[in-house]
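Since the structure comes first, as structure tokens, the remarks are kept for the end.
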Amino acid sequence: MGVETWLLVATVVVLAWLYSRWRHSYWSSRGVPSPPALPFLGHFHKVFFINSRLWESLHENYTKFYQSSMFGLYEFSRPVLVTWDADIMRHILVKDSESFIDRRDFDMRSGHERDKLISEILNLKRGAEWKALRAIMTPTFTSGKIKSMFPLVCDKADALVKFSMKQVAENPHMDMKKYFGRYTMDTIASCAFGIECNSLVDNDEFTRKVEAFFTTSILAIFKGLFCMCMPRLFKLLGLSVNPPEVDFFADVVQETVAARKAGKRRGDFLDLMLEARDSSDDPSSKHVLTDHSLVAQSVLFFIAGYDTTASLLSFSSFLLAKNKDQQRRLRDELRQMVAEHGDITYHAIMEATLLDACLQETLRLYPAFTMIERACTKTTKLPGTDLTCRPGDLVQVPVWSLHHDPRYWPDPEAFIPDRFLPENKGNIHPFTHMPFGMGPRNCIAMRFALLEAKVALAKLLLTAELEVAPGFMLTLETVNAVMHPKDGIMLSLKPVKELII
Ligand code: HEM
Numbered sequence: 001m002g003v004e005t006w007l008l009v010a011t012v013v014v015l016a017w018l019y020s021r022w023r024h025s026y027w028s029s030r031g032v033p034s035p036p037a038l039p040f041l042g043h044f045h046k047v048f049f050i051n052s053r054l055w056e057s058l059h060e061n062y063t064k065f066y067q068s069s070m071f072g073l074y075e076f077s078r079p080v081l082v083t084w085d086a087d088i089m090r091h092i093l094v095k096d097s098e099s100f101i102d103r104r105d106f107d108m109r110s111g112h113e114r115d116k117l118i119s120e121i122l123n124l125k126r127g128a129e130w131k132a133l134r135a136i137m138t139p140t141f142t143s144g145k146i147k148s149m150f151p152l153v154c155d156k157a158d159a160l161v162k163f164s165m166k167q168v169a170e171n172p173h174m175d176m177k178k179y180f181g182r183y184t185m186d187t188i189a190s191c192a193f194g195i196e197c198n199s200l201v202d203n204d205e206f207t208r209k210v211e212a213f214f215t216t217s218i219l220a221i222f223k224g225l226f227c228m229c230m231p232r233l234f235k236l237l238g239l240s241v242n243p244p245e246v247d248f249f250a251d252v253v254q255e256t257v258a259a260r261k262a263g264k265r266r267g268d269f270l271d272l273m274l275e276a277r278d279s280s281d282d283p284s285s286k287h288v289l290t291d292h293s294l295v296a297q298s299v300l301f302f303i304a305g306y307d308t309t310a311s312l313l314s315f316s317s318f319l320l321a322k323n324k325d326q327q328r329r330l331r332d333e334l335r336q337m338v339a340e341h342g343d344i345t346y347h348a349i350m351e352a353t354l355l356d357a358c359l360q361e362t363l364r365l366y367p368a369f370t371m372i373e374r375a376c377t378k379t380t381k382l383p384g385t386d387l388t389c390r391p392g393d394l395v396q397v398p399v400w401s402l403h404h405d406p407r408y409w410p411d412p413e414a415f416i417p418d419r420f421l422p423e424n425k426g427n428i429h430p431f432t433h434m435p436f437g438m439g440p441r442n443c444i445a446m447r448f449a450l451l452e453a454k455v456a457l458a459k460l461l462l463t464a465e466l467e468v469a470p471g472f473m474l475t476l477e478t479v480n481a482v483m484h485p486k487d488g489i490m491l492s493l494k495p496v497k498e499l500i501i
């Protein structure tokens, strides 16, 4: 290469570097602190999906910038505001949620059928389309509808207990995360689609397939980056961002939808969604929840319903196994409940305050989503600041840090379910406990997930005493933004009849 070429290359590099520096001055020019950023990348390497311990890097800066109530990051050159200011959180999540109704745009520009299907799911929908779809799906998750699923959930929880106790004979220590995953898969398949996938009997095909969404793979990361940086070439090569397992679930759902159209109804989530669409007063409903979209929402149920609730059950069992006094207390509450009501009934389980408190405390310590995010849709001034959010700007709330902050939670790393008992709930600061998110875009299936976890945990504790396997150390990771135990949860189960009480 000649001197001129070298000079040209050097000039381009210097100009690009200056441009990157200018873009990375966005936060300092607005008086918002920001940790040191790498040229071009910004903080992308620390905060995006490549980092399987996402909450740690947010927490480091939360601690460093606590007094400012916020800090700024850059994903490449895109500014992202991270804030824990109560007024701002209330504003973006609740009061002015209309101006922050979206999440980030995962533009799956591959054009692949699989990616087109996934871009239809409720989580990824935006603006008016999200609003219309959420309005159709919300009635599916009311207390009354969830109550009607109770017998199905109980059947699957019984199968979980039977299966686990059978394993006890062969394995002194078991990875309960695996079995909880089979339970949540069987429950969602049964409650949502009337499908008996029998993961807890003899067939782990569904759980094997769904695991593809919760396993870190270099190929998946590479494909995501490839699609983001060179969408045209990605499309030309016919690649898809989502794993082929999407097709398996889409096929299962399509067959089920076809059977329903032929008249086989059974009152599950799929029927409820079809009914909600067909009985809606809004004539546009059929355009919002098309058959394609219905398949997408159903595939979403399989994915969203699997790992989150299985992790909640895993973490709560682990915490109760470590805290034997709390385990004994909870078992006493459950025994009393059965003595009073004759069995585990829907009403009894909804009134079991310690059971609820144990799960809420577990979700505080191990929230499935360690951060929640909103994208601004209308130019808005943030309350109490001179900052203006423009359409497309991202705002993040560091859920994990708020859940572990000693200013709000004395002895934050300790498992203290009493914090969530009715008499103490009034002491909880607003916006410091958000395991299901907040505002109109919160988790649509919160009631269902909690019911599923309560039934399984109650039945398990009434049958067995939980103990942590010797030498087991809990490790955490986030995959596809969901935090879960990296190497499962190794426990031993002792039938409670053997206990001297
Ligand atoms: C313990 C279990 C679960 C936890 C901790 C959890 C947590 C969350 C969180 C934090 C969000 C984001 C909320 C926000 O941005 O404010 C969310 C959204 C969502 N969750 Fe869950 N979830 C759980 C179980 C489930 C289940 C079982 C399903 C479906 C069967 C489900 C379906 C969804 C959907 C569809 C959304 C997107 C809602 C929207 O964008 O309108 N979740 N969940």
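Letter by letter, the sequence shown follows residues 1 to 501 in this note's numbering. All C-beta atoms, glycine included, are put in the ideal place defined by N, C-alpha and C. This one's a predicted model, so the numbers in the text were calculated from it and none came from an experiment.
Exercise. Nearest to Val295 by alpha carbon, out of Glu255, Asp307, Leu313, Arg329?
Worked result: On the sequence shown, position 295 is the one that residue 295 refers to. Answer by Cα proximity: Glu255.
Exercise. Glu340 lies in the alpha helix (DSSP H); which residues open and close that run?
Worked result: Locating residue 340 in the sequence shown gives position 340, where the first residue counts as 1. First-last of the alpha helix (DSSP H) with Glu340: 324–341.
Exercise. Does the ligand HEM have even one heavy atom less than 7 Å from the beta-carbon of Ala250?
Worked result: Walking along the sequence shown from the start, residue 250 turns up at place 250. Result no, Cβ not under 7 Å from the ligand HEM.
Exercise. Under the criterion of a Cβ to heavy atom distance below 7 Å, does Gly127 qualify as lining the ligand MN?
Worked result: With respect to the ligand MN, the structure offers nothing, as its ligand set consists of the ligand HEM.
Exercise. How many Å lie between Gly181 and Tyr366 at the Cα?
Worked result: In the sequence shown, residue 181 corresponds to position 181, counting from 1. In the sequence shown, residue 366 corresponds to position 366, counting from 1. Going by the C-alpha atoms only, they are around 17 Å apart.
Problem set entry | Per DSSP, the bridge partner or partners of Phe100 | Within the sequence shown, the letter at position 100 stands for residue 100. None, per the DSSP bridge assignment.
Exercise. Quick one, are the C-beta atoms of Arg390 and Asp102 less than 8 Å apart?
Worked result: To locate residue 390, count along the sequence shown from 1; it is residue 390. To locate residue 102, count along the sequence shown from 1; it is residue 102. No, Cβ-Cβ distance for Arg390 and Asp102 is not below 8 Å.
For this session: Indicate whether at least one CB of chain C lies closer than 8 Å to the CB of Ala414.
Result: Absent from the structure: chain C. Only one protein chain is present.
Exercise. Between Met371, Asp332, Thr388, which lies nearest to Thr379 when the distance is taken from Cα to Cα?
Worked result: As a first step, residue 379 must be located in the sequence shown, where it is residue number 379. Closest option to Thr379, Cα to Cα, is Thr388.
Exercise. Between the stretch 394–406 and the stretch 80–97, do at least 3 Cβ pairs fall closer than 8 Å?
Worked result: yes
Exercise. Could you check where the beta strand (DSSP E) with Lys494 kicks off and where it finishes?
Worked result: Looking up residue 494 in the sequence shown gives position 494. From DSSP, the beta strand (DSSP E) with Lys494 extends over 490–495.
Exercise. In chain order, which alpha helix (DSSP H) runs of at least 4 residues are fully inside the stretch 86–153?
Worked result: 86–90, 113–118, 127–137
Exercise. On the three-state DSSP scale, how would you describe Pro383?
Worked result: Position 383 of the sequence shown holds residue 383. Coil, per DSSP.
Exercise. Helix, strand or coil: how does DSSP classify Pro470 here?
Worked result: Here residue 470 is taken as the residue at index 470 of the sequence shown, counted from 1. Reduced to three states, the DSSP call for Pro470 is coil.
For this session: Decide if Phe318 is buried, meaning its Cβ has at least 16 other Cβ atoms within 10 Å, or exposed.
Result: Within the sequence shown, the letter at position 318 stands for residue 318. Burial call: buried.
For this session: Would you kindly work out how many angstroms separate the C-alpha atoms of Leu272 and Pro172, rounded to a whole number?
Result: To locate residue 272, count along the sequence shown from 1; it is residue 272. To locate residue 172, count along the sequence shown from 1; it is residue 172. Cα to Cα, the separation comes out at about 42 Å.
Exercise. So is the beta-carbon of Arg134 under 7 Å away from any non-hydrogen atom of the ligand HEM?
Worked result: For the purposes of this step, residue 134 is identified with residue 134 of the sequence shown, where counting begins at 1. Correct: Arg134 has its Cβ closer than 7 Å to the ligand HEM.
Exercise. Using a threshold of 7 Å, is the CB atom of Ala368 nearer than that to any non-hydrogen atom of the ligand HEM?
Worked result: For this step, residue 368 is matched to residue 368 along the sequence shown. Answer for Ala368: yes, Cβ within range of the ligand HEM.
Problem set entry | Any alpha helix (DSSP H) of 4 or more consecutive residues that is wholly inside the stretch 427–476 | 446–463
Exercise. Which of the three DSSP states, helix, strand or coil, is assigned to His287?
Worked result: Position 287 of the sequence shown, counted from the first residue, corresponds to residue 287. Reduced to three states, the DSSP call for His287 is helix.
For this session: Give a single yes or no on whether Met438 has its beta carbon closer than 7 Å to a heavy atom of the ligand HEM.
Result: Within the sequence shown, the letter at position 438 stands for residue 438. The answer is yes for Met438.
For this session: Please state if the CB of Ile88 and the CB of Phe100 are separated by a distance shorter than 8 Å.
Result: To locate residue 100, count along the sequence shown from 1; it is residue 100. To locate residue 88, count along the sequence shown from 1; it is residue 88. Against a cut-off of 8 Å, the Cβ pair of Ile88 and Phe100 comes out as no contact.
Exercise. Does the Cβ-Cβ distance between Leu450 and Leu300 come in under 8 Å?
Worked result: Residue 450 sits at position 450 when you count from the first residue of the sequence shown. Residue 300 sits at position 300 when you count from the first residue of the sequence shown. Result no, Cβ atoms of Leu450 and Leu300 do not sit closer than 8 Å.
Exercise. Taking contact to mean at least 3 C-beta pairs separated by less than 8 Å, is the stretch 61–80 in contact with the stretch 31–43?
Worked result: yes
Exercise. Going by alpha carbons, who is nearest to Pro470 out of Thr385, Asp175, Ile372, Arg266?
Worked result: Position 470 of the sequence shown, counted from the start, is the residue given in the question as residue 470. For Pro470, the nearest C-alpha among the options comes from Asp175.
For this session: Just confirm the distance between the C-beta atoms of Val153 and Thr184, as a whole number of angstroms; I'd bet it's less than 8 Å.
Result: On the sequence shown, position 153 is the one that residue 153 refers to. On the sequence shown, position 184 is the one that residue 184 refers to. That belief does not hold up - the Cβ atoms of Val153 and Thr184 are roughly 10 Å apart, past 8 Å.
For this session: Classify Pro79 as helix, strand or coil using the three-state DSSP reduction.
Result: Residue numbering aside, residue 79 sits at position 79 when the sequence shown is read from its first letter. Note: Pro79 maps to strand in three-state DSSP.
Exercise. With respect to the beta strand (DSSP E) encompassing Gln396, which residues constitute its N-terminal and C-terminal limits?
Worked result: Within the sequence shown, residue 396 is the residue found at index 396, counting from 1. That run of the beta strand (DSSP E) goes 394–397.
For this session: May I ask whether a heavy atom of the ligand HEM can be found less than 7 Å away from the beta carbon of Phe301?
Result: On the sequence shown, position 301 is the one that residue 301 refers to. Flag set: Cβ of Phe301 near the ligand HEM.
Exercise. Rounded to whole angstroms, how far is the Cβ of Lys145 from the Cβ of Ser190, which I believe are closer than 8 Å?
Worked result: In the sequence shown, counting from the first residue as 1, residue 145 sits at position 145. In the sequence shown, counting from the first residue as 1, residue 190 sits at position 190. Actually they do not touch by this definition, with Cβ atoms about 15 Å apart.
For this session: Report yes or no: do the stretch 391–402 and the stretch 50–70 share at least 3 C-beta pairs separated by less than 8 Å?
Result: yes
Exercise. From Ala348, Arg30, His24, pick the residue whose C-alpha is nearest to that of Leu38; which is it?
Worked result: For this step, residue 38 is matched to residue 38 along the sequence shown. That would be His24, whose Cα lies nearest to the Cα of Leu38.
Problem set entry | First through last residue of the alpha helix (DSSP H) which encompasses Ala509 | Because residue 509 is not part of the residues shown, which for the chain are 1 to 501, the question remains open.
Problem set entry | CB contact flag (Ala458, Ile303, <8 Å) | Residue 458 sits at position 458 when you count from the first residue of the sequence shown. Residue 303 sits at position 303 when you count from the first residue of the sequence shown. No. Outside cutoff.
Exercise. At a cut-off of 7 Å, is Cys443 close to the ligand HEM when judged by its beta-carbon and the heavy atoms of the ligand?
Worked result: Mapped onto the sequence shown, residue 443 falls at position 443. Cys443: yes, Cβ under 7 Å from the ligand HEM.
For this session: Specify, as a first and last residue, the run of the alpha helix (DSSP H) that Val201 falls within.
Result: Here residue 201 refers to the residue found at position 201 when the sequence shown is read from its first residue. Note, Val201: premise wrong, no alpha helix (DSSP H); not H, not E.
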